[in-house]
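Heads up: the protein sequence lines correspond to chains A and B, in order.
Take the first sequence: its letters are residues 27 to 371, numbered as in the working numbering.
Take the second sequence: its letters are residues 27 to 371, numbered as in the working numbering.
We treat Cβ as the ideally placed atom computed from N, Cα and C, and that holds for glycine.
Please read the structure below before turning to the comments.
There are 2 protein chains.
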Amino acid sequence: MVRTNRSPRLIDVAHASGVSIATASRALSGTPGVSDSVAEKVRQAARELGYVANLHARSLASGSTATIGLVVHEIGDPYFSEIASGVLSLAAEHGRTVQICHTGRDPEAEVEQVRSLVANRVGAILIAGSGFVDASVEAPMRLEVQRYAEAGGRVAVVGRHHLGVDSVLPDNRPGGRAVAEHILGLGHRRIVVVSGTLELTTVADRLEGVRDALAAAGLDAGDVPVLEGPFTREGGRECIRRMLVDHPRTTAVIALNDDMAIGCLSQLRSSGVSVPGEVSVSGFDDVAVAQDLSPGLTTVRLPMAEMGARALTLALKEPGSRARRQRVPAELVVRDSTGPVAGSV
Amino acid sequence: MVRTNRSPRLIDVAHASGVSIATASRALSGTPGVSDSVAEKVRQAARELGYVANLHARSLASGSTATIGLVVHEIGDPYFSEIASGVLSLAAEHGRTVQICHTGRDPEAEVEQVRSLVANRVGAILIAGSGFVDASVEAPMRLEVQRYAEAGGRVAVVGRHHLGVDSVLPDNRPGGRAVAEHILGLGHRRIVVVSGTLELTTVADRLEGVRDALAAAGLDAGDVPVLEGPFTREGGRECIRRMLVDHPRTTAVIALNDDMAIGCLSQLRSSGVSVPGEVSVSGFDDVAVAQDLSPGLTTVRLPMAEMGARALTLALKEPGSRARRQRVPAELVVRDSTGPVAGSV
DNA sequence: CTCCTCTACGAAAGCGCTTACGTAAGCGTT
DNA sequence: AACGCTTACGTAAGCGCTTTCGTAGAGGAG
Chain A
27 MVRTNRSPRL IDVAHASGVS IATASRALSG TPGVSDSVAE KVRQAARELG YVANLHARSL
87 ASGSTATIGL VVHEIGDPYF SEIASGVLSL AAEHGRTVQI CHTGRDPEAE VEQVRSLVAN
147 RVGAILIAGS GFVDASVEAP MRLEVQRYAE AGGRVAVVGR HHLGVDSVLP DNRPGGRAVA
207 EHILGLGHRR IVVVSGTLEL TTVADRLEGV RDALAAAGLD AGDVPVLEGP FTREGGRECI
267 RRMLVDHPRT TAVIALNDDM AIGCLSQLRS SGVSVPGEVS VSGFDDVAVA QDLSPGLTTV
327 RLPMAEMGAR ALTLALKEPG SRARRQRVPA ELVVRDSTGP VAGSV
Chain B
27 MVRTNRSPRL IDVAHASGVS IATASRALSG TPGVSDSVAE KVRQAARELG YVANLHARSL
87 ASGSTATIGL VVHEIGDPYF SEIASGVLSL AAEHGRTVQI CHTGRDPEAE VEQVRSLVAN
147 RVGAILIAGS GFVDASVEAP MRLEVQRYAE AGGRVAVVGR HHLGVDSVLP DNRPGGRAVA
207 EHILGLGHRR IVVVSGTLEL TTVADRLEGV RDALAAAGLD AGDVPVLEGP FTREGGRECI
267 RRMLVDHPRT TAVIALNDDM AIGCLSQLRS SGVSVPGEVS VSGFDDVAVA QDLSPGLTTV
327 RLPMAEMGAR ALTLALKEPG SRARRQRVPA ELVVRDSTGP VAGSV
């Protein structure tokens, strides 16, 4: 902490405005019990002195913090940085500061980070990013979060269930179904799903949706190979390489997030496969660049920034008697990366 | 703050290990003056109780914080989120937490945010993002930062000069020169620069570099129009629209960041102009998607994450007697969005 | 054996705020 | 006029730590 030469304290403001420190505190924090005239006098004095409350002292005394903690998998990933953007903007409006940590999708690091946020007595914790299908992996996190919540802490998650707290949940399954229907509607039948690790609930849910559509179209799940790779651009490239070898006659690729889809486009281009001429590609998320790719990426739009903001809103609200769930609609956005199956043109 | 039912306090640890609270404090924070045997006993007790120090109390008492503040223009922007990623990762290694704020490139909001970080007594402040050419716009920021630094606060900036503090500075000018030379080397002479507002020093520096190259090639600055727009994808699109009307014979576009370049590619494609066939396009920054665009974007690589990490390192170091500057090399990365001028093939 | 120097520890004073509690004044009742 | 109620403010007790200062005991020097 900077011992700013003479950083004014509350007592200085109190003296300057001729009131007690208690009254000054009340006036500045808007606690009732101060006449308007006195309150204004205090605020004036504070302004003139350039007084700003010491956050730590305030937190220590009041037992509450204006800081909210945000845990993401990787802040450099557009999906998360857009969520963070929504959180930061809304938090700023509420005069709250945001402490961000990223975990590199490591479940242990995740628990670690949450623990440290709890220790730092943040006012609320926001957790963004998929959970894990495997309950035993998810358990420590769930425990930590529950303990915090039961002790009165506020938690909200985005894109994650099974944690027993308020959540903002994108329609992953309906979204998956929607893209798949779109692809099927274009006549594609030799389809491949390019997927992140099936350990992630997000992946599982989206895949579920895709399978719903396939089943509805009378396709067997076995007819549609699922290529699994890292949930990143590189993962997308890798899956396409495998696809070109193992499933060369594929006409459509359903990638389960935009990152992978971008990798798919990249690798298909390098391999001289035209999109959507020979192979159609779809993504999921609608990250900002999706529309500027060439071809523009057909994908499912998730309002990431809004999701972040809504999670914060939930966390800031009085806790309900039970965990609230807000569904966020996923909207199919058709662009140029998908087209009718080649033979059918 | 969560009044965790029985969140153990230092005094609990002290009692449990049969020492005074002072000794317990010293043992846990590693302050000398405690025998090894006692220290170990205390640590053991702390572990058993699940004790974690209250950050606010510690900060209040000690006058220093483990939190570092990071100010960026817009966290949703890949340039900044990649910098943030570097900062977060390194901070985690040092056991420091990071508070991020974004300002929407609004100089006033920027000062505001810095002020609030100062008020919150963060341990160090990192500021990422271009400054403003206009000294009068930059002055309040400079003042705030200087005041903080003089009071002993640690500040480091990335991609920004004129603030009189430690800085990590990408080679914007040499980088600008390098791309421009590359474009010129391909035979282009009817060139347009697509630029963010010239108010930004980053833009000005890169443009300077471009002009260096043009001059060296015997071109007059007047021969190369500079189209100014928002420093975003949409800005890039907008500039291309103007270019197609006002400078229809252009064969190469030098965009001063990747975001704009991506917008340029997008608009050129919509307008049916082939890249690099009819028009070459280059960017600047090498954000992660640049390589996955179609065509892959020729650009200038800046190691954003590393820049963030280096700024943090500077801020964590003992302050030097004078402001340190670290130059970060900018490396030309040639991909497919640039090619020889059409007629010359 | 006394004096002095270290070392290891405890007592207690804050850090800058919030807030429970006390009190004096103002006002309406009866 | 006495009583209670409300409002507006002051007093002071912490919040959970760090750190200064003081002291007891061990050990060495004389």
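Residue of the options minimising C-alpha distance to residue i
i	options	result
M286 (chain A)	A:V271, A:I37, A:G303, A:T325	A:T325
A242 (chain B)	B:E344, B:L224, B:R215, B:R268	B:R215
T364 (chain B)	B:D246, B:V205, B:A356	B:V205
G76 (chain B)	B:D231, B:A42, B:T49, B:L226	B:A42
R52 (chain B)	B:R84, B:L328, B:P133, B:P251	B:R84
C127 (chain A)	A:N146, A:S115, A:D249	A:N146
A177 (chain A)	B:A337, B:S61, B:S33	B:S33
G322 (chain B)	A:I109, A:P274, A:I288, A:G149	A:I288
D197 (chain A)	A:I47, A:T123, A:P355	A:P355
V97 (chain B)	B:R122, B:A87, B:D132	B:D132
E260 (chain B)	B:S292, B:E332, B:S61	B:S292
V148 (chain B)	B:S107, B:E119, B:V68, B:R180	B:R180
L152 (chain B)	B:V184, B:R351, B:V299	B:V184
Span of the beta strand (DSSP E), counted from its first residue to its last, around residue i
i	result
A356 (chain B)	Here A356 (chain B) belongs to no beta strand (DSSP E), and DSSP marks it neither H nor E.
Q317 (chain B)	It is not in any beta strand (DSSP E) - Q317 (chain B) carries neither H nor E in the DSSP assignment.
T325 (chain A)	325–327
S363 (chain A)	Per DSSP, S363 (chain A) belongs to no beta strand (DSSP E) and is neither H nor E.
S221 (chain B)	217–221
P200 (chain B)	Where P200 (chain B) is concerned, there is no enclosing beta strand (DSSP E), although the alpha helix (DSSP H) it sits in stretches over 198–211.
T123 (chain B)	123–128
Through-space distance from residue j to residue i, alpha-carbon basis
i	j	result
S90 (chain A)	G235 (chain A)	42 Å
G262 (chain B)	P256 (chain B)	8 Å
V279 (chain A)	L294 (chain A)	11 Å
L270 (chain A)	C290 (chain A)	11 Å
I209 (chain B)	D362 (chain B)	12 Å
V45 (chain A)	L36 (chain A)	11 Å
A349 (chain B)	D192 (chain B)	5 Å
E170 (chain A)	L195 (chain A)	21 Å
M27 (chain B)	L114 (chain B)	The pLDDT assigned to M27 (chain B) is 41, lower than 50, so where the model puts this residue is not dependable; a value taken from the coordinates is nonetheless given after this. Straight-line Cα distance between these residues: approximately 24 Å.
G334 (chain A)	A65 (chain B)	44 Å
R203 (chain A)	P251 (chain A)	16 Å
F310 (chain B)	A230 (chain B)	13 Å
V137 (chain B)	M167 (chain B)	5 Å
G58 (chain A)	G157 (chain B)	Note that residue 58 (chain A) is Pro in the sequence shown here, rather than Gly. Approximately 42 Å, taken between the alpha carbons.
V140 (chain B)	L358 (chain A)	40 Å
R29 (chain A)	L338 (chain B)	Bear in mind that a pLDDT of 38 at R29 (chain A), under 50, signals an unreliable position, so the number given afterwards is only what the model happens to contain. Distance between the alpha carbons of R29 (chain A) and L338 (chain B): 21 Å.
I101 (chain A)	T93 (chain B)	18 Å
F106 (chain A)	D284 (chain A)	12 Å
E264 (chain B)	E119 (chain A)	31 Å
P366 (chain B)	A117 (chain B)	45 Å
A48 (chain A)	E108 (chain A)	42 Å
A110 (chain B)	S61 (chain A)	45 Å
D103 (chain B)	P104 (chain A)	8 Å
L143 (chain B)	G95 (chain B)	6 Å
Enclosing alpha helix (DSSP H) for residue i [first to last residue]
i	result
S142 (chain B)	133–145
D62 (chain B)	62–75
S43 (chain A)	36–43
V367 (chain A)	No alpha helix (DSSP H) holds V367 (chain A); DSSP gives it neither H nor E.
D231 (chain A)	227–242
A50 (chain B)	47–55
H82 (chain B)	81–88
R180 (chain A)	Here R180 (chain A) belongs to no alpha helix (DSSP H); instead the beta strand (DSSP E) covers 180–184.
A278 (chain B)	That residue, A278 (chain B), is in no alpha helix (DSSP H); its beta strand (DSSP E) goes 278–281.
Chain-ordered chain B contacts of residue i [CB-CB under 7 Å]
i	result
G289 (chain A)	D318
R215 (chain A)	Ordered by position in chain B, no residue passes the 7 Å Cβ test against R215 (chain A), which lies about 26 Å from the chain.
L114 (chain A)	I101, I126, C127, H128
Proximal chain B residues relative to residue i, where beta-carbon distance stays under 8 Å
i	result
T123 (chain A)	Q125, C127, S142, N146
E405 (chain A)	Because residue 405 (chain A) is not part of the residues shown, which for chain A are 27 to 371, the question remains open.
E108 (chain A)	G102
L372 (chain A)	In the structure as shown, chain A begins at 27 and stops at 371. Residue 372 (chain A) is therefore absent and cannot be evaluated.
Neighbour list for residue i in chain A, Cβ cutoff strictly below 7 Å
i	result
N80 (chain B)	R147
Under 9 Å from the C-beta of residue i: neighbouring residues of chain B
i	result
E454 (chain A)	Lying before the first or after the last residue shown, residue 454 (chain A) is absent from chain A, which here runs from 27 to 371.
G298 (chain A)	Residues of chain B passing the Cβ test: none, with the nearest at roughly 12 Å.
Any non-hydrogen atom of the ligand MG closer than 7 Å to residue i Cβ
i	result
A239 (chain B)	You won't find the ligand MG in this model; it holds no ligand whatsoever.
Touch test, the region 219–229 of chain B against the region 151–166 of chain B, Cβ-Cβ under 8 Å, three pairs minimum: Contact holds: three or more Cβ-Cβ distances are below 8 Å.
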